[in-house]
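Accompanying notes for the structure given below.
In mature numbering (1 follows the signal peptide of the UniProt record, and there is no 0), the protein residues as written are -22 to -1, 1 to 352.
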């Protein structure tokens, strides 16, 4: 976000100020002003609003993604709007806008909340579709395939109608995590049988890795939440501005695989996927573009000029375990290294690296932080 008091890193893009309602030719984003903003909000059940400034670099970067999202959501009657804060300063101040762009979800004038997700069209579309649905959507045999296809991750609960405890536990989790995942439920025993589960059970459907994971343990809120977060994480993902905070909040270590080319990263991902599967839930694995984000290697006590490289970060204690960069990243040796780290047989690196004064590559600020533990 571009803070009003501080100049943040900008990304290239194009964004043009527009006049009231749909002044942009063929634009799916409505441009609103003070004299029509509140009327528009009250006329629609759900609206995503962007508060922006035409000169803001981050706003320019968002513009094409926002337009794509608006075009797709238009078919679902979920409007996306924007307000130029250089022209509507009082309106932006009324809604607590302190930086650009600020995205807010409106359910009428009395219910607003910030959108803090990734600023990519599919992330925006996914989030707003989830907002348009109840916390738990009802599934029938007729709607099952449609609901499964609504998002890249869909969590379906299978319960007997009179199983009040399981229903309440599942619903409370759905309420807490509805911004991140799409939840659905069914009492249809035939549908559960067709999916290979006995009630009560939870199946997380996804468009990657094994396509689905099944939870059949005791219905405990903490255990189910852990299952959803673990099962929804790719066996070997990609660290970037959109995923970094999720990995840091996962509560388990993160193994970084630095490589400069896409081909290298794909090969490492394939090679280490069996290990990632074996240790699923104990540690996350992710590749990272060394050309774009190589400076982060220094934060992990690696040589930021030598790649490929491998390191583990304990995301809770913020301790770092760099792998010897003179060695080849071999599945067998890496397996032993990872297991030794998890077993506490390797001491964390205590080398202190200063935060670089300048950073190469796009938007590296999301990775660099001052910490007490180095």
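Each residue gets a CB set at the ideal place from its N, CA and C atoms; glycine is no exception.
First and last residue of the uninterrupted beta strand (DSSP E) at residue i
i           : result
residue 262 : 262 to 267
residue 141 : Here residue 141 belongs to no beta strand (DSSP E), and DSSP marks it neither H nor E.
residue 35  : Segment 35 to 52 is the alpha helix (DSSP H) holding residue 35; no beta strand (DSSP E) there.
residue 164 : 160 to 164
residue 168 : Not the beta strand (DSSP E): residue 168 falls in the alpha helix (DSSP H), residues 167 to 172.
residue 215 : 214 to 216
residue 292 : 287 to 292
residue 219 : Neither: residue 219 is in no beta strand (DSSP E) and is coded neither H nor E.
Spatial neighbours of residue i in its chain, beta-carbon cut-off 6 Å, leaving aside the 5 residues before and after
i           : result
residue 369 : Beyond the ends of the chain as shown, which are -22 and 352, falls residue 369; an answer cannot be given.
residue 331 : Residue confidence is low: residue 331 scores 47 on pLDDT, short of 50, so the model does not pin down where it sits. No coordinate-derived value is stated.
residue 354 : One cannot answer for residue 354 here, as it falls past the ends of the chain, which runs -22 to 352.
residue 131 : 159, 184, 210
residue 149 : 114
residue 90  : 82, 84
residue 255 : 213
residue 116 : none
Collapsed DSSP secondary structure at residue i in the structure displayed
i           : result
residue 365 : The shown model of the chain, from -22 to 352, leaves out residue 365, and the question about it has no answer.
residue 224 : helix
residue 249 : helix
residue 31  : coil
residue 238 : coil
residue 11  : coil
residue 297 : strand
residue 191 : strand
residue 314 : helix
residue 19  : helix
residue 186 : coil
residue 6   : coil
residue 56  : coil
residue -9  : Bear in mind that a pLDDT of 29 at residue -9, under 50, signals an unreliable position, so the number given afterwards is only what the model happens to contain. Here residue -9 sits in coil by DSSP.
residue 331 : Only weak support exists for where residue 331 lies, its pLDDT of 47 falling under 50; the coordinates are left without a value.
residue 84  : strand
residue 273 : coil
residue 232 : strand
residue 91  : strand
residue 151 : helix
residue 26  : strand
residue 61  : strand
residue 75  : coil
residue 134 : strand
residue 319 : helix
Residues near residue i in its chain [Cβ-Cβ closer than 8 Å; skip 5 each side]
i           : result
residue 49  : 6
residue 281 : 275, 287, 303
residue 174 : 192
Residue i, enclosing alpha helix (DSSP H) - first and last residue
i           : result
residue 205 : 199 to 209
residue 71  : 67 to 72
Reference residue i; option with closest CA among the options
i           : options            : result
residue 65  : 116, 83, 10, 16    : 10
residue 240 : 112, 265, 251, 173 : 265
residue 138 : 312, 163, 158, 119 : 163
residue 30  : 73, 19, 52, 20     : 73
residue 26  : 67, 14, 78, 102    : 102
residue 120 : 321, 301, 168      : 168
residue 77  : 53, 227, 125, 28   : 28
residue 290 : 319, 12, 45        : 319
residue 43  : 93, 87, 99         : 99
residue 279 : 234, 242, 270, 243 : 234
residue 140 : 23, 126, 178, 154  : 178
Own chain residues within Cβ distance below 7 Å of residue i, not counting five before or after
i           : result
residue 156 : 108, 113
residue 96  : 220
residue 248 : none
residue 171 : none
**OP:** List in chain order: all unbroken alpha helix (DSSP H) runs of 4+ residues lying wholly within the region 97 to 124.
**Re:** 99 to 110
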